[in-house]
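Chains as they are written, first to last, in the numbering used here: chain H, 1 to 156; chain A, 1001 to 1104.
Ideal placement from N, C-alpha and C gives every residue a C-beta, glycine not left out.
What you are looking at is a predicted structure, and each value in this text was computed from that prediction instead of being measured.
Comments concern the structure below.
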Amino acid sequence: MSLNEKRRVFLKGSLAVGALGAAAGMLTPGAVLAAWNKNAFTAKSVDEAIAASNGNPVTTPSKDITIKAPDIAENGAVVPVSVVTKMKGVDSITLLVEKNSTPLSAIFHLPKGTLPDVSTRVKMGKTGDVIAVVKANGKLYSARKGVKVTIGGCGG
Amino acid sequence: MAKTIKIRAKAKNGITVVKALITHPMETGMRKNKKTGKLIPAHFIQEVVCKHNGKEVINCEWAGSVSKNPYLAFKFEGGKKDDAIELAWKDNTGNGDSISAKIR
């Protein structure tokens, strides 16, 4: 076996181990809480996270969604964010932070009678957009708001 | 229990505003302990459910990127003074807490 071939074998082996590790990691939280969407919360890109949480990565930008967040956040660890929309028939509001390593931050499931008006606080690693995805009548709408972070909220 | 949650619900003109604060470290699992250089294990709330008179009014799924000592505010239609409000959370380690309160 040449050196090159050996390297190939080694690479294959390590890839297999990596996949196994990921699979094992997925089992533990699932057992604790069945409802928590592990795939969506571990997704590394915004599109993947939206696809995993809402079933489709394609959203229509909408001016009817208002994101209230500061233009400049002095402390990225605590960024107050509110999402409000005038739309009717909203099933859920998904909140993502574009530049975080796992962008999905929160999903709010709103039963009938609950207004599409939620507020929370999120951590932001660096300057970027906060994205809100609103699912109304089976369709996905989105809005973005840029937030400048002066001190990062992740990694201390 | 219920020492980790503070909740306030107020009914006005047919709409109830609920505001809650939960005491929780919300560790993402990506932060390092500065002294040892080791990763601090993930420890964050994954699910928050709020009920009004036993009926679910919000169900949240959260990641570690929700801030430490999380804040949640939302509104729902209906609800009047002295109605029962219940809020419960559960984290990734299986711990949780709940609180019952009355709409003011």
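With 16 other Cβ atoms within 10 Å as the buried cut-off, status of residue i
i, result
"R1104 (chain A)", "exposed"
"G55 (chain H)", "exposed"
"A35 (chain H)", "exposed"
"P70 (chain H)", "exposed"
"N137 (chain H)", "exposed"
"N1033 (chain A)", "exposed"
"I1058 (chain A)", "buried"
"K68 (chain H)", "exposed"
"L96 (chain H)", "buried"
"I50 (chain H)", "buried"
"T1093 (chain A)", "exposed"
"V58 (chain H)", "exposed"
"P103 (chain H)", "buried"
"K1090 (chain A)", "buried"
Residue closest to residue i, alpha-carbon to alpha-carbon, out of the options
i, options, result
"P116 (chain H)", "H:I72, H:D71, H:A35, H:S82", "H:S82"
"K1081 (chain A)", "A:A1042, A:R1008, A:A1020", "A:R1008"
"P1070 (chain A)", "A:L1021, A:T1016, A:K1006, A:K1003", "A:L1021"
"K1010 (chain A)", "A:F1044, A:H1052, A:W1089", "A:H1052"
"N75 (chain H)", "H:K145, H:A132, H:T127, H:K139", "H:T127"
"S1065 (chain A)", "H:K139, H:V79, H:P61", "H:V79"
"A132 (chain H)", "H:G89, H:K63, H:K112", "H:K63"
"V90 (chain H)", "H:V118, H:I72, H:K123, H:A43", "H:V118"
"K1019 (chain A)", "A:L1087, A:T1036, A:E1047", "A:L1087"
"D1083 (chain A)", "A:T1016, A:K1006, A:I1005, A:T1004", "A:T1016"
"T1023 (chain A)", "A:K1068, A:G1037, A:K1038", "A:K1068"
"S92 (chain H)", "A:A1101, A:C1060, A:G1096, A:E1047", "A:C1060"
"G125 (chain H)", "H:P111, H:S101, H:A40", "H:S101"
For residue i, three-class secondary structure by DSSP
i, result
"K38 (chain H)", "helix"
"N137 (chain H)", "coil"
"I1103 (chain A)", "coil"
"N1092 (chain A)", "coil"
"N1059 (chain A)", "strand"
"G128 (chain H)", "strand"
"A1073 (chain A)", "strand"
"I1085 (chain A)", "strand"
"S1068 (chain A)", "According to the sequence displayed, residue 1068 (chain A) carries Lys and not Ser. Here K1068 (chain A) sits in coil by DSSP."
"I151 (chain H)", "coil"
"A945 (chain A)", "With chain A covering 1001 to 1104 only, the question about residue 945 (chain A) has no answer from this structure."
"S142 (chain H)", "strand"
"T1004 (chain A)", "coil"
"K1051 (chain A)", "strand"
"P157 (chain H)", "Since the first and last residues shown for chain H are 1 and 156, residue 157 (chain H) lies out of range."
Beta-carbon separation (whole angstroms), residue i vs residue j, contact threshold 8 Å
i, j, result
"Y141 (chain H)", "V134 (chain H)", "5 Å"
"F1076 (chain A)", "T114 (chain H)", "4 Å"
"G1054 (chain A)", "G1014 (chain A)", "Going by Cβ atoms, the distance from G1054 (chain A) to G1014 (chain A) rounds to 19 Å, so no, they are not a contact pair."
"T98 (chain H)", "V46 (chain H)", "Before going further, note that residue 98 (chain H) is Glu rather than Thr in the sequence given. That pair is a contact at about 6 Å."
Residue i beta carbon near the ligand ADP (any heavy atom closer than 7 Å)
i, result
"K86 (chain H)", "The ligand ADP is not part of this structure, which contains no ligands at all."
Which complete alpha helix (DSSP H) runs does the region 46-107 of chain H hold, if anything under 4 residues is left out?
46-54
What ranges does the beta strand (DSSP E) occupy inside the region 1006-1039 of chain A, keeping only unbroken runs of at least 3 residues that lie completely in it?
1015-1022
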